[in-house]
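Protein chains in written order, with our numbering: chain A, 1 to 170; chain B, 171 to 340. For each residue, glycine too, the CB sits at the ideal point set by N, CA and C.
Protein chains: 2
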Amino acid sequence: MKTPQQLSASLEDYLEAIYLLSRTGKAARSKNIAEHLQVARPSVTAALRTLAEKELIFYKPYGYITLTEKGAWMAGRIVRRHAALEEFFRDVLGVDADAAERAACLAEHAIGPEITLRLTGYLAFVEAEKKSGHNISDSFEAFFKKHQQDIKASCRRRVEKMHSHLADNY
Amino acid sequence: MKTPQQLSASLEDYLEAIYLLSRTGKAARSKNIAEHLQVARPSVTAALRTLAEKELIFYKPYGYITLTEKGAWMAGRIVRRHAALEEFFRDVLGVDADAAERAACLAEHAIGPEITLRLTGYLAFVEAEKKSGHNISDSFEAFFKKHQQDIKASCRRRVEKMHSHLADNY
DNA sequence: CAACATAATTAGCCGAGCCTAACTTTTCAA
DNA sequence: TTGAAAAGTTAGGCTCGGCTAATTATGTTG
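Below, the structure written as C-alpha cells:
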C-alpha cells in the first residue's frame, strides 16, 4: 500500500533542503535548514513537525534531522526533478545559470513523475545527439539569435490583436 | 514608468480566466469565472476587487467584467506562457494532452519572460527543423521508447546510492 | 407590478505558511 | 561547574486564498 503523500511546495522545499544538507556533509540541523531556505527558525520547526508526522524524517527536538526511507525516496524524486529542470533551462534553452536555478526552484513543484521522466529522457536525447555529431543546443542557439526579433514581434502582434478585440466594451 | 505588477499565481489564474472567457464569447461574469476555475463565487468577488485595485480589470459590482489595457497586456503574457508550456509538454516531450494541460496550469506561474521567450523560440526551432526534414520530436520519441528503461533504472540507482548514504544515522 | 429565481456580495471562518519576540534547552569555555 | 552564547521552540499575530451561510441586487414572468 503506497502512500501517495502529496506534499505542498513548501514541504518539498524543506525535504529537499534536508537532503542536500545531509549530502554535502553539513549537518541537517534546524539552523542550517533555515539558512538554506532563507526562512526564520520557527518556520522550520513547524515544517519539521509536519514532515515527522508524515514519517518522512526522524525528528527529535534539539537533535539532528535525518530522512526516513520514505523521506529519502521522496527527496530523491524532488532533487532529480529539480536537476532536470535546471539542466533543461540552462543547457537546452540557454538560459543563464542563475535564472535557470531560480526558475527550477519555482517550477519544480508543478511537474509530476511522468513529465520528469520524459524531461530527463529529453536531456539524454540531446546528449546522445551531440555525441553523434549533431548539437541541438548549438543549432537552437543560432536559430534563436537569428529569429529572436521575429519571435518577440509575433508575440507583440498577438497582444495587439487581443487589444482590438477587447478594448471597447465598458 | 513600467509597473512591474507581480501577480500571485492565483490572481494570474483569474486574469487568464477572464481573458479566455472574453475571447470565447462567453460573458466574463462572476459566475462563469467561478465555474471556469472551480472555486466558490465569493472567492471570485475577492479576487476581482484585488484585480480592479491593480487596475487590471474594469469591475462594477453586479456588472460585466472586462480587461483594462494593462490587464489585457498581462493576460496576453500569461496566456502565451501557458500555451508555450503546454505545447512543449505535449508536442516535444510527447506527454498526453490532458497531463500536458494540467502541468502547464501549474508550471506557468513559475517561469518568467526570458524563459517564456526561449521556450517559444525552441518550439519554433523544432518546427523549423521539421520543415527542413529533421523531425526532432519523432527522433526523441524513438529514443525515449528505446531507452526508457535505462533512464528509469539510472534514477533508481541514484535513489539506492542515496539510501546507503543516509540510512544509518539515527 | 409583484414575487420569485438567479446572480452577486457581505460576513465570518479556516488552514497554510510565514513572521517577531520571548522563553527554554544545550553547549562550551573560563 | 557555572553561566553566557547559540540553538531551538513556544506563543501569538499576519496575509493569502479558499470556504459556507446569509443577505442584497437584478431581471424575469405571470
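Beta-carbon neighbours of residue i, restricted to chain B and to distances below 9 Å
i	result
HIS147 of chain A	GLY291, ALA294, PHE295, ALA298
Chain-ordered chain B contacts of residue i [CB-CB under 7 Å]
i	result
ILE151 of chain A	LEU287, THR290, GLY291, ALA294
LEU93 of chain A	ILE285, ARG288, LEU289, TYR292
Contacts of residue i in chain B (Cβ-Cβ under 8 Å)
i	result
GLY112 of chain A	ALA269, ALA273
ALA107 of chain A	ALA277, ALA280, ILE281
Same chain, Cβ closer than 7 Å to residue i, neighbours up to 5 away in sequence not counted
i	result
VAL79 of chain A	GLU16, TYR19
VAL171 of chain A	This structure leaves residue 171 of chain A out entirely; chain A is present only between 1 and 170.
LYS224 of chain B	GLN175
GLU141 of chain A	GLY94
GLU182 of chain B	ILE248, HIS279
Same chain only: Cβ atoms within 6 Å of residue i, ignoring 5 sequence neighbours per side
i	result
TYR122 of chain A	none
PHE144 of chain A	none
ILE33 of chain A	ALA17, VAL44
ALA217 of chain B	TYR184
THR290 of chain B	ALA254
LYS146 of chain A	none
THR3 of chain A	Its pLDDT being 47, under 50, THR3 of chain A is placed unreliably in this model, and the value from its coordinates should be taken loosely. Excluding residues within five positions, none has a Cβ falling inside 6 Å.
Straight-line gap, residue i to residue j (C-alpha atoms, nearest Å)
i	j	result
GLN38 of chain A	ARG23 of chain A	19 Å
LYS201 of chain B	SER8 of chain A	29 Å
GLU423 of chain B	GLY63 of chain A	Look at the range of chain B in this structure, 171 to 340, and you will see that residue 423 of chain B is not part of it.
ARG41 of chain A	ALA52 of chain A	17 Å
SER139 of chain A	GLY195 of chain B	41 Å
ALA274 of chain B	SER10 of chain A	19 Å
THR68 of chain A	ALA75 of chain A	10 Å
LEU106 of chain A	ARG49 of chain A	23 Å
GLU278 of chain B	LYS131 of chain A	32 Å
ALA298 of chain B	CYS325 of chain B	33 Å
GLU256 of chain B	ILE321 of chain B	23 Å
ALA100 of chain A	ILE111 of chain A	16 Å
HIS304 of chain B	GLY133 of chain A	14 Å
PHE259 of chain B	ALA153 of chain A	24 Å
ASN169 of chain A	ARG118 of chain A	Interpretation of ASN169 of chain A is limited by its pLDDT of 36, a score under 50 that renders its predicted location unreliable; the figure taken from the coordinates is listed afterwards. Their Cα atoms are separated by approximately 44 Å.
ASP240 of chain B	ASP98 of chain A	Correcting the residue type first, residue 240 of chain B is Lys in the shown sequence and not Asp. LYS240 of chain B and ASP98 of chain A: Cα-Cα distance of roughly 29 Å.
ARG272 of chain B	ARG102 of chain A	22 Å
ALA124 of chain A	ALA294 of chain B	21 Å
Beta-carbon neighbours of residue i, restricted to chain A and to distances below 8 Å
i	result
ILE306 of chain B	ILE136
Chain-order list of residues whose beta-carbon lies under 8 Å from that of residue i (same chain, five-residue window excluded)
i	result
MET1 of chain A	Residue placement at MET1 of chain A is flagged as unreliable, the pLDDT there being 44, under the threshold of 50; the coordinate-derived value follows with that caveat. Nothing meets the Cβ criterion.
GLU286 of chain B	Before going further, note that residue 286 of chain B is Thr rather than Glu in the sequence given. Only ARG247, ARG250, ARG251, ALA254 meet the Cβ criterion.
ALA72 of chain A	TYR19
HIS36 of chain A	ALA17, LEU20, LEU21
ILE65 of chain A	ILE18, ALA28, ARG29, SER30, ILE33, LEU48, ILE57, PHE58, TYR59
GLN318 of chain B	none
Tell me whether the segment 56 to 66 of chain A and the segment 76 to 96 of chain A touch, counting them as touching only if at least three CB pairs, one residue from each stretch, are closer than 8 Å. no
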